[in-house]
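Engineer: To start, I am sharing the structure in question, which I have written as structure tokens.
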Amino acid sequence: MKLYPTLQTYIEKAQALPIPKERREVLQVLINYIQLKVNEGQEINLNFICTHNSRRSQFSQIWGKVAAAYHNIEIHSFSGGVEVTAFNERAVKSIQKFGFKVIKEGEGNPKYSVSYTDYEAPIIAFSKVFDDSNNEAKNFAAVMTCSHADENCPFIPGADARIPVRYEDPKTFDDTEKEAEKYDERSLQIASEMLYVFSKIKKL
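With positions in the sequence shown counted from 1, the corresponding number in the working numbering is that position plus 18.
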């Protein structure tokens with residue numbers, strides 16, 4: 019698969035990042051889920067969930083799809099929240115810096131077409147609740163990317179697994195001199211971990 023050149027460079031940076039033992043243990047639950055679906059010949063549906071579906075869950079949906087495609091594994095990657103806000107513009111700027119091509123449509127809660135190659139359909143990213151009609155999958159893993167959503171959503175209808183993979187919120191650094199650095203740092207961490215996850219999947 020031919021990725022955009024800048025994106026390919028950032029993927030190489032992400033792959034070079036060390037993943038601490040405690041994070042590998044967290045990610046192993048997700049690896050086991052995906053591997054079971056592969057072994058049973060079932061669709062792999064991942065719904066990354068965070069409270070506002072504006073930062074971490076959006077990063078995770080995008081990088082999950084790209085990491086799976088990079089390792090030639092077919093998945094359906096979704097994201098959602100418990101409140102509708104918008105895909106945060108700071109996060110959008112970060113993925114643009116990383117080499118994604120982004121087209122914005124609308125205002126308020128715009129839809130973004132996020133492309134990583136010219137040979138696949140773009141990822142459609144916007145803020146929505148986790149059971150939005152755009153998240154069509156049944157029998158999906160609810161991948162909980164923030165502690166608030168994980169603790170306040172005791173039941174996710176349609177999920178056949180619930181997997182906490184929590185990330186620190188770059189929102190903490192909004193309107194500070196470290197803002198862009200921290201958004202890029204979080205995006206790169208998520209890229210690194212999603213690439214690690216799919217590198218461990220054994221195809222039949």
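All C-beta atoms in this analysis are idealised placements derived from N, C-alpha and C, irrespective of residue type, glycine included.
#1: Thinking C-alpha only, which one of Gln114, Ser145, Gly117 is nearest Gly126?
#2: What number of angstroms, rounded off, separates the C-alpha of Tyr214 from the C-alpha of Gln33?
#3: Mapping the DSSP letters down to three states, classify Tyr22 as helix, strand or coil.
#4: At what residues does the alpha helix (DSSP H) containing Tyr201 begin and finish?
#5: So Lys119 is in the beta strand (DSSP E); what residue range does that whole segment cover?
#6: Ends of the beta strand (DSSP E) at Tyr137?
#7: Is the separation between the beta-carbon of Phe77 and that of Ile219 shorter than 8 angstroms?
#8: Below 8 angstroms, how does it come out for the stretch 22-42 and the stretch 141-160: are there three or more Cβ pairs, yes or no?
#9: Would you tell me roughly how many angstroms separate the C-alpha atoms of Pro175 and Pro182, rounded to the nearest one?
#10: State the CB to CB distance for the pair Ile67 and Met162, rounded to an integer number of angstroms; the pair is presumed to be in contact (CB under 8 angstroms).
#11: Which residue's Cα is closest to the Cα of Ala109: Ser75, Ser133, Val100?
#12: Are the Cβ atoms of Tyr28 and Gly117 separated by less than 8 angstroms?
#13: So the candidates are Asp178, Tyr88, Gly59; which of them puts its Cα closest to the Cα of Gln26?
#14: Taking the C-alpha atoms as reference points, what is the distance between Lys107 and Gln46?
#15: Between which two residues does the alpha helix (DSSP H) containing Asn65 stretch?
#16: Helix, strand or coil for Tyr130? Go by DSSP, reduced to three states.
#17: I believe Pro140 touches Ser133 by the beta-carbon criterion, under 8 angstroms. Please report the beta-carbon distance rounded to the nearest angstrom.
#18: Ordered along the chain, which non-local residues of its own chain (more than five positions away) have a Cβ less than 7 angstroms from that of Ile69?
Structural biologist: Let's see:
#1: Closest in alpha carbon position to Gly126, among Gln114, Ser145, Gly117, is Ser145.
#2: 7 angstroms
#3: coil
#4: In the DSSP assignment, Tyr201 falls within the alpha helix (DSSP H) that extends over 197-217.
#5: 119-123
#6: Premise fails: Tyr137 is in no beta strand (DSSP E) and is neither H nor E.
#7: By the CB criterion at 8 angstroms, Phe77 and Ile219 fall outside the cutoff.
#8: no
#9: Spanning the two alpha carbons is a distance of roughly 16 angstroms.
#10: 5 angstroms
#11: Ser75
#12: yes
#13: Tyr88
#14: For clarity, residue 107 is Glu in the given sequence; the question names Lys instead. Rounded to the nearest angstrom, the two C-alpha atoms are 31 angstroms apart.
#15: Not the alpha helix (DSSP H): Asn65 falls in the beta strand (DSSP E), residues 63-67.
#16: strand
#17: 4 angstroms
#18: Here residue 69 turns out to be Thr, not Ile, going by the sequence shown. Excluding sequence neighbours, Thr69 sits near Gly99, Val100, Glu101, Cys164, His166, Ala167.
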